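Trainee:
Protein chains in written order, with the UniProt record's numbering: chain A, 1 to 118; chain B, 1 to 454; chain C, 1 to 317.
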């Protein structure tokens, strides 16, 4: 992992949260290299014992928050609540669910009752 | 792989569960109620099933716009109108029965109409008529049969009463307390092991024309299908037997391996010749597989499993003789979706253990329009014959490599295994009922071990 | 204070049998329930179903807690009728039959008389005349805004009815000589003389539970479902069962008759209950495929409040 070109940007967070390191590393690379996100940065998310990501989708202005997790973790509503709180209450977060074969699915989670688009 | 299906926005094709049931269940928009404004009026001679109507995304203002309110009022009015229609029947076609709460059966005193060709069974009961005991056969209905005939307005049911009615003037023509449909629901559900969920499934299938009988006879006189081909009896093992078997099969396996296996040349067994890839793969399969191998699941089985076959169901087209019913087309389990978890492997195995093997499925008759067109232009397939294996003994299945593979003359490549694998050799329908809504699920026991791996 | 709707409870299920009650529940209280009965005149399909209306247990608890409905022990409310009550019921039945037979026989008799008195030619002329008259009557009725089918029998009746010998034994097979008439089989019990909810009506869920006719809610999960249901209902939503979409409820912005649901809701018993990411994927994906968002509804039993999270597919990745 430490030989990877992305490592330097993540080096501060990967050793802090070894259990979440894999998901963060995979998600960072996916957003940066496959999804072509810009201004990607890692932020500390101590309440969830991991690093989270902030960045912009290509050709958009809005800064989005992404929380990486692994498919085998156990989450809870309190966990989500804490994450929103620590990230200063964004209107939504994206949960990046990492599987063992390194594929990732993203789901948008919004606090409250938010209607689907028409 | 079907890449488009991996996007959450794509909608997978719905699968019919009870194959010739109504299409109504397969709609992806199941949150719609029916459009009551399209209900055929009472006077329409031949009822037709209209399509569901269009709906809006949401009310535009508080309480909806004027148009939205108008349309909603019209729908509600149509629904209430339809619900108010009385249960009317000609005095020449109505049937009569007397409900005996103590035995949870209704005695049919006057049977009219086609319903009784597949409902009710005859039971000998002793009746005391004027101080002399009489032993006579009579037609009796189970609670679900009684309730169904009452609620569809085909039968008037009396509740047996202690009042001596024959002596009272003006009451000589009634056999008890007349039961409303409401009274019948309150009295009959909960008797003879009938839950509301089971009744709902019964009524649902009856409305579609299926013949529905109980799998477990509620009384000895109840006719059940004669077992032409009794299902292979699963050995009921005692504790000791179980232990013995656990020890036995790896031992046998080991012995088999030691005596026949050359570890340095695993696929060159002395007793068989490898002629093609198929027999090569067969020879590599040295762990026992298939459904004859007992489960090695260490779970304490629930005291009583809710997963028990409750109904035998016959298609409307199946010739049905009430006194000698044929083997059922479907076996249906009914569970309360609110309180019942998914079936466990043990529960499924127990269900399939009680079911007979089905013949291989016929190629699909129903095809999409596009497929039809393709078939019309393409030459007919050269061979539609399925590769079927003659039944092999348990030993043969456990140690396939120990037996020379039978050379199959038919071309293996042509057989499409997917339909057979999907359907399986055994099939059970599980109806999950949640507060009035019924979903049917078909579980098939797939037979992957019996199909060529290459 | 509005009338409380009686919910008829048997076998731990609550039904509504009277059409007015079904209408009031829907229009006034936004409670839909599920129709589960066979419609007598459309008895060979499952799209349109009839009474009874079965309520979800959460609907029942809400209605009773809000003092909008009461629970009636239905098996008990069906009393043993007195001989007099039965005699009254039977007399009404006989009268209805007699009335119909009388009307039918009058019609038959008049037709017979007409047949005997006229030659075939006369019959033809008469029929033409009658058809003209009927058409004129229909046109007149239409002009007056009445239903065009109503005055159909106008040509035949209006003569004194001969009192027919009437043998009234419909329950015995020997009485086949009786002319056919229409029987109306009773649906709801409300009109029966021997139906009375007095002494078996419960105004609170606790009372009904104590009486042993109702159990819901019995544990934390059921309590959480009741409170989430109530919270969403109080926000003005219509609610339905969510089993077809893998959730606990469907949440509609208006009457489900006219609007699609926006949400599939699942109830999570407590803030610390485990949620597996796979559930998020499964719910999120199904919701997106059906143009709905998924709603996680968390119940906090300590704070006595509900919190929500909406889930959708992100649209990338």
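Ideal Cβ placement from N, Cα and C applies to all residues, glycine included.
Keep in mind it's a predicted model, so treat the numbers as computed, not measured.
What's the gap between the Cα of residue 108 (chain B) and the Cα of residue 188 (chain B)?
Mentor: Whole-angstrom Cα-Cα distance: 15 Å.
Trainee: For residue 237 (chain B), count neighbouring Cβ atoms within 10 angstroms of its own Cβ and tell me buried if that reaches 16, exposed if not.
Mentor: Caution applies to residue 237 (chain B), whose pLDDT of 45 falls short of 50 and renders its modelled position unreliable; the value that the coordinates give is listed next. When all chains shown are included, residue 237 (chain B) counts as exposed.
Trainee: Whose CA, out of B:433, B:448, B:444 and B:449, lies closest to the CA of residue 203 (chain B)?
Mentor: Minimum Cα distance to residue 203 (chain B) is reached at B:433.
Trainee: Counting C-beta neighbours from all protein chains within 10 Å, is the total for residue 182 (chain B) 16 or more, i.e. buried, or is it exposed?
Mentor: Burial call: buried.
Trainee: What is the rounded straight-line gap between the Cα of residue 75 (chain B) and the Cα of residue 31 (chain C)?
Mentor: The straight-line gap from Cα to Cα measures roughly 16 Å.
Trainee: Between residue 30 (chain A) and residue 441 (chain B), what straight-line distance do the alpha-carbon atoms span, to the nearest angstrom?
Mentor: Near 38 Å, if we compare the C-alpha coordinates of residue 441 (chain B) and residue 30 (chain A).
Trainee: May I ask you to list the residues that DSSP assigns as paired with residue 240 (chain C)?
Mentor: C:250.
Trainee: So, helix, strand or coil for residue 90 (chain B), using DSSP?
Mentor: It is a strand residue.
Trainee: Any chance the stretch 291-303 of chain C sits against the stretch 260-276 of chain C, with 3 or more Cβ pairs inside 8 Å?
Mentor: Flag = yes, the stretch 291-303 of chain C and the stretch 260-276 of chain C touch.
Trainee: Would a C-beta distance cut-off of 8 Å place residue 250 (chain C) and residue 31 (chain B) closer than the cut-off?
Mentor: Yes.
Trainee: Between the stretch 98-113 of chain A and the stretch 68-78 of chain A, can you find at least three pairs of beta-carbon atoms closer than 8 Å?
Mentor: As far as the Cβ criterion goes, the stretch 68-78 of chain A touches the stretch 98-113 of chain A, which means the pair count is three or higher.
Trainee: Could you tell me which residues DSSP puts in a beta bridge with residue 347 (chain C)?
Mentor: What the structure shows of chain C is the stretch from 1 to 317, and residue 347 (chain C) is not part of that stretch, so it cannot be assessed.
Trainee: Less than 8 Å between C-beta atoms, sequence neighbours within five positions excluded: which residues of the same chain meet that for residue 82 (chain A)?
Mentor: Only 47 and 48 meet the Cβ criterion.
Trainee: Can you check whether the C-beta of residue 256 (chain C) is within less than 8 Å of a C-beta belonging to chain A?
Mentor: Output row for residue 256 (chain C): interface = no.
Trainee: Would a C-beta distance cut-off of 8 Å place residue 194 (chain C) and residue 29 (chain C) closer than the cut-off?
Mentor: The answer is no: Cβ separation not under 8 Å.
Trainee: Against chain C, does residue 11 (chain B) count as a neighbour if the rule is that its beta carbon must be under 8 Å from one of theirs?
Mentor: Annotation note: pLDDT 45 at residue 11 (chain B) (below 50); position unreliable, coordinate value reported separately. So, interface residue.
Trainee: Could you check whether the Cβ of residue 6 (chain A) sits closer than 8 Å to any Cβ belonging to chain C?
Mentor: Closer than 8 Å: no.
Trainee: List, in chain order, every chain C residue whose beta-carbon is nearer than 7 Å to that of residue 204 (chain B).
Mentor: Ordered by position in chain C, the residues that pass the 7 Å Cβ test against residue 204 (chain B) are 46.
Trainee: Less than 8 Å between the beta carbons of residue 449 (chain B) and residue 361 (chain B), yes or no?
Mentor: No, they are not a contact pair.
Trainee: Is it a yes or a no for the stretch 34-43 of chain C touching the stretch 68-79 of chain C, going by three-plus beta-carbon pairs under 8 Å?
Mentor: No contact exists between the stretch 34-43 of chain C and the stretch 68-79 of chain C.
Trainee: Beta-carbon within less than 8 Å of residue 84 (chain A)'s beta-carbon, same chain only, minus the 5 sequence neighbours each way: which residues are those?
Mentor: Closer than 8 Å at Cβ, skipping near neighbours: 90, 93 and 111.
Trainee: Please identify the residue among B:206, B:211 and B:282 whose C-alpha is closest to the C-alpha of residue 44 (chain C).
Mentor: It is B:206 whose Cα lies nearest to the Cα of residue 44 (chain C).
Trainee: For residue 4 (chain A), count neighbouring C-beta atoms within 10 Å of its own C-beta (all shown protein chains included) and say buried if the count is 16 or more, exposed if not.
Mentor: It is exposed - the Cβ of residue 4 (chain A) has fewer than 16 other Cβ atoms within 10 Å.
Trainee: When you compare only the Cα positions, how much space is there between residue 215 (chain C) and residue 208 (chain C)?
Mentor: When rounded, the distance between both Cα atoms is 8 Å.
Trainee: Considering only C-alpha positions, which residue in the set C:40, C:280, C:57 and C:49 is nearest to residue 7 (chain C)?
Mentor: When only C-alpha atoms are compared, the closest one is C:57.
Trainee: Buried or exposed, going by whether 16 or more other CB atoms sit within 10 Å of the CB of residue 272 (chain C)?
Mentor: The residue is exposed, with fewer than 16 neighbouring Cβ atoms inside 10 Å.
Trainee: Determine, using beta carbons only, whether residue 57 (chain A) comes closer than 8 Å to chain C.
Mentor: Yes, because at least one Cβ of chain C sits closer than 8 Å to the Cβ of residue 57 (chain A).
Trainee: Between residue 140 (chain B) and chain C, is there a C-beta pair that is closer than 8 Å?
Mentor: Cβ-Cβ to chain C under 8 Å: no for residue 140 (chain B).
Trainee: Please list the partners that residue 70 (chain C) has in chain B, where partner means a Cβ-to-Cβ separation under 9 Å.
Mentor: The premise fails here: residue 70 (chain C) is roughly 16 Å from chain B at the closest Cβ pair, so nothing lies under 9 Å.
Trainee: Is any non-hydrogen atom of the ligand NAP found closer than 7 Å to the C-beta of residue 14 (chain A), if you look at the structure I gave you?
Mentor: With respect to the ligand NAP, the structure offers nothing, as it holds no ligand at all.
Trainee: Looking at chain A, is there any beta carbon in it that lies within less than 8 Å of the beta carbon of residue 221 (chain C)?
Mentor: So, not an interface residue.
Trainee: Kindly confirm or deny that the stretch 53-72 of chain C and the stretch 109-122 of chain B touch, where touching means at least three C-beta pairs closer than 8 Å.
Mentor: The answer is no - the stretch 109-122 of chain B does not touch the stretch 53-72 of chain C, with fewer than three Cβ pairs under 8 Å.
Trainee: Is residue 327 (chain B) helix, strand or coil by DSSP?
Mentor: If DSSP states are grouped into helix, strand and coil, residue 327 (chain B) belongs with coil.
Trainee: Around the C-beta of residue 104 (chain A), are 16 or more other C-beta atoms found within 10 angstroms, so that it is buried, or is it exposed?
Mentor: That one is buried.
Trainee: Given this structure, state the Cα-to-Cα distance separating residue 258 (chain C) from residue 238 (chain C), to the nearest angstrom.
Mentor: Their backbone Cα atoms lie some 11 Å apart in a straight line.
Trainee: List the endpoints of the continuous alpha helix (DSSP H) containing residue 80 (chain B).
Mentor: 66-84 is the span of the alpha helix (DSSP H), which, as asked, contains residue 80 (chain B).
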